[in-house]
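Chains as they are written, first to last, in the working numbering: chain A, 0 to 225; chain B, 74 to 567.
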């Protein structure tokens, strides 16, 4: 059940934006160059910002425009800038020890999307969701979360882990924009701020890793076992 | 009029709890002197502990929402608050002696104490949050602050541990956020699109939420906060992070932080209970608890590192607390809450003891720690007694709480877990004390490897205090505490 009535145009705009965000996560799965990841993450954040604005326009929650601007500024510009600067400082251009080739990881990603759709569909039928957009939002949310985890599992570079986490957060944010646009403003602001702090912490720790442990790949971090 | 005074009292107590560590951080950073920093932190801990005790004593038995709907005073929350303040006090006391032993870190000590007070502050804020989303964010902040404490010594191992800690826990917590969003979405079906996200509102709308939605959301929250609590199989970061930080930090991580995260799981369990699917949620918690005990038992058997042994023991004890809340009922909840306090005391004790030994023998490896009783008669024997306490042997408090949890479990539908728990506790008892037998009564250390460090009163006094407290709680379970636990169990946990 959605919380406001949607016209056909609004529904297709929402669907389009949500699916573009999902496709952008496949760009990340399909490339091993870290800069490509950052750019597609930035693009995904801008898409989500447009989605926020669109939801704000159709549902008349004015504060969502504010959220959209902040999303574009923080998630779409500042976070990618910070991560890019980190990539440059560490001098790591690409992922060297991925578990799978891009093609195979994209196939796994596709299966995850199907699984997410299964869960969303099952949940939708229990809830008697009449509009397809809620199921689609759930699918995109679960898919992005799963793909984020997949990125973290398959890649071993520290920066890939940061990006995987950011994809997960983007997925949750995308879903919550459509499903619960009325979520308290305070909470969304604090989550944005929290994300910024996390990325800066990650940045500091990665540089410690480089200086004190000499490596930034999780496959090389094997000192602590058992 | 009287009622208003009373509310003002509560608010000012909470303000004292939060302002004291904040003031300590600012002063420590401004003055930037190691010796002043350690005493400032200690004073802040003493005041915070006093405030937490008073809060517990004067707070009402039912939960009370204040501060414009953002704060909640509930029995379980106040109890966790007390455990956090207690461990903060003990760790600050111990840190004075321990951090002086780290010669090369002396200039950075003000930073350490500022971070420590900050870590305590986040843990003191979290239990009183009435908004699950804000609670989540504060828990996330505890991770960030404590990651710097874990990596404080800048050794390759500690930086690696800090990195693994923050990556795994942040990823896990994002699942908890997903669960919270779904809970909120479930509430919109009944309460309308915009409503305040509070524990009370979620509980009130739970009966109207579809059961599958409730379960999905709860499982996500369980896995998310379960990562932070260190429930198996999401515990993998815990032994690294808890063993690589300085000893006072390990104590705060193990004895205080895990309880703070467990609170979130229990509160969402309360929401689930209101929605009529409490049993399924409790069973999920019981399964994770039993799995944690099982995994911890096997890693304890083959452990070589002293601090890693304590870390796996934390996985074990969080498993026991999870079992207690999972069994539910007055006995289960009372046992779990009592166990939180007992574990806070005993685990601080064990980490303080291992910190002393690690410094003395210059190694984290238990193979290097030999004849602890003859080299360190006081510290060594207190540590040995602590090992007896933490494995749940009488006459210490942990024995009482574990027995109570088991009694609670036998009354419920998950009685199988009680038998498993008993068996694994015996196994852990044997394995744990076998390590200590080797350290206390095993071979002499090789000549030239004898420890020369002299431990001061600062190093041993916290050990004596914690052991005395655990012993006291083993002989005397105050009846007022029983009544308090019973109200917490009856009135619904949130």
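Here a beta-carbon is modelled for each residue, glycine too, at the ideal position from N, C-alpha and C.
Beta-carbon gap between residue i and residue j smaller than 8 Å
{"i": "residue 117 of chain B", "j": "residue 164 of chain B", "result": "no"}
{"i": "residue 199 of chain B", "j": "residue 356 of chain B", "result": "no"}
{"i": "residue 138 of chain A", "j": "residue 116 of chain A", "result": "yes"}
{"i": "residue 85 of chain A", "j": "residue 202 of chain A", "result": "yes"}
{"i": "residue 280 of chain B", "j": "residue 125 of chain A", "result": "no"}
{"i": "residue 286 of chain B", "j": "residue 69 of chain A", "result": "no"}
{"i": "residue 225 of chain B", "j": "residue 319 of chain B", "result": "yes"}
{"i": "residue 197 of chain B", "j": "residue 272 of chain B", "result": "no"}
{"i": "residue 351 of chain B", "j": "residue 481 of chain B", "result": "no"}
{"i": "residue 125 of chain B", "j": "residue 94 of chain B", "result": "no"}
{"i": "residue 328 of chain B", "j": "residue 160 of chain B", "result": "yes"}
{"i": "residue 179 of chain A", "j": "residue 261 of chain B", "result": "yes"}
{"i": "residue 452 of chain B", "j": "residue 377 of chain B", "result": "no"}
{"i": "residue 465 of chain B", "j": "residue 500 of chain B", "result": "no"}
{"i": "residue 373 of chain B", "j": "residue 382 of chain B", "result": "yes"}
Three-state secondary structure (DSSP) of residue i
{"i": "residue 98 of chain A", "result": "coil"}
{"i": "residue 106 of chain B", "result": "coil"}
{"i": "residue 216 of chain A", "result": "strand"}
{"i": "residue 139 of chain B", "result": "strand"}
{"i": "residue 202 of chain B", "result": "strand"}
{"i": "residue 378 of chain B", "result": "strand"}
{"i": "residue 62 of chain A", "result": "helix"}
{"i": "residue 120 of chain A", "result": "helix"}
{"i": "residue 166 of chain A", "result": "helix"}
{"i": "residue 156 of chain A", "result": "strand"}
{"i": "residue 313 of chain B", "result": "helix"}
{"i": "residue 93 of chain A", "result": "strand"}
{"i": "residue 144 of chain B", "result": "strand"}
{"i": "residue 0 of chain A", "result": "Summary for residue 0 of chain A: the model assigns pLDDT 43, below 50, so the residue's position carries little reliability; its value from the coordinates is reported in the next sentence. It is coil, neither helix nor strand."}
Where the alpha helix (DSSP H) containing residue i begins and where it ends
{"i": "residue 155 of chain B", "result": "148-174"}
{"i": "residue 205 of chain B", "result": "205-223"}
{"i": "residue 254 of chain B", "result": "229-264"}
{"i": "residue 407 of chain B", "result": "402-434"}
{"i": "residue 183 of chain B", "result": "182-198"}
{"i": "residue 179 of chain B", "result": "Unbroken run through residue 179 of chain B: none, as it is neither H nor E."}
{"i": "residue 490 of chain B", "result": "488-514"}
{"i": "residue 563 of chain B", "result": "552-563"}
{"i": "residue 449 of chain B", "result": "Per DSSP, residue 449 of chain B belongs to no alpha helix (DSSP H) and is neither H nor E."}
{"i": "residue 279 of chain B", "result": "Residue 279 of chain B -> no alpha helix (DSSP H), and no H or E assigned at all."}
{"i": "residue 548 of chain B", "result": "530-548"}
{"i": "residue 202 of chain A", "result": "184-207"}
{"i": "residue 80 of chain A", "result": "78-89"}
{"i": "residue 75 of chain A", "result": "First-last for residue 75 of chain A: undefined, no H or E at that position."}
{"i": "residue 469 of chain B", "result": "That residue, residue 469 of chain B, is in no alpha helix (DSSP H); it is neither H nor E in DSSP."}
{"i": "residue 525 of chain B", "result": "Taken as a continuous stretch (DSSP letters only), residue 525 of chain B belongs to no alpha helix (DSSP H), as it is neither H nor E."}
Sequence-distant residues of its chain with Cβ nearer than 6 Å to residue i (five each side left out)
{"i": "residue 562 of chain B", "result": "403 and 406"}
{"i": "residue 176 of chain A", "result": "50, 51 and 54"}
{"i": "residue 151 of chain A", "result": "160 and 163"}
{"i": "residue 257 of chain B", "result": "270"}
{"i": "residue 370 of chain B", "result": "497, 500 and 501"}
{"i": "residue 308 of chain B", "result": "388"}
Other residues of its chain near residue i: CB distance less than 7 Å, five sequence neighbours each side excluded
{"i": "residue 187 of chain A", "result": "66"}
{"i": "residue 16 of chain A", "result": "46, 49, 50 and 53"}
{"i": "residue 276 of chain B", "result": "343, 344, 347 and 567"}
{"i": "residue 31 of chain A", "result": "93, 94, 97 and 101"}
{"i": "residue 169 of chain B", "result": "111, 115 and 531"}
{"i": "residue 43 of chain A", "result": "20, 23, 24 and 169"}
{"i": "residue 529 of chain B", "result": "170"}
{"i": "residue 188 of chain B", "result": "218, 221 and 222"}
Same chain, Cβ closer than 8 Å to residue i, five either side skipped, listed in chain order
{"i": "residue 554 of chain B", "result": "411"}
{"i": "residue 239 of chain B", "result": "216, 217 and 220"}
{"i": "residue 297 of chain B", "result": "245, 246, 247, 248, 249, 250, 251 and 252"}
{"i": "residue 88 of chain A", "result": "206"}
{"i": "residue 420 of chain B", "result": "324, 327, 328, 383, 386, 387, 390 and 463"}
Heavy atom of the ligand ADP within 7 Å of residue i beta-carbon
{"i": "residue 106 of chain A", "result": "With respect to the ligand ADP, the structure offers nothing, as it holds no ligand at all."}
Taking three-plus beta-carbon pairs below 8 Å as touching, is the stretch 147-156 of chain A in contact with the stretch 87-101 of chain A? Yes, they touch.
For the structure I just gave you, are there three or more beta carbon pairs, one from the stretch 105-120 of chain B and one from the stretch 200-212 of chain B, closer than 8 Å? They do not touch, by the three-pair rule.
Are the stretch 4-11 of chain A and the stretch 37-52 of chain A touching, with three or more C-beta to C-beta distances below 8 Å? Three or more beta-carbon pairs separated by less than 8 Å are not found between the stretch 4-11 of chain A and the stretch 37-52 of chain A, which leaves the two stretches without contact.
Closer than 8 Å is the cut-off here; do at least three beta carbon pairs connect the stretch 231-244 of chain B with the stretch 307-315 of chain B? Judged by pairs of C-beta atoms under 8 Å, the stretch 231-244 of chain B touches the stretch 307-315 of chain B, as three or more such pairs exist.
Across the stretch 214-229 of chain B and the stretch 136-154 of chain B, are there enough close Cβ pairs to call them in contact, namely three or more that are closer than 8 Å? Taking a cut-off of 8 Å for Cβ pairs, the stretch 214-229 of chain B and the stretch 136-154 of chain B do not touch, as fewer than three such pairs fall below it.
Using 8 Å as the Cβ pair cut-off and three pairs as the minimum, do the stretch 500-508 of chain B and the stretch 412-427 of chain B touch? Output reads no: the stretch 412-427 of chain B does not touch the stretch 500-508 of chain B.
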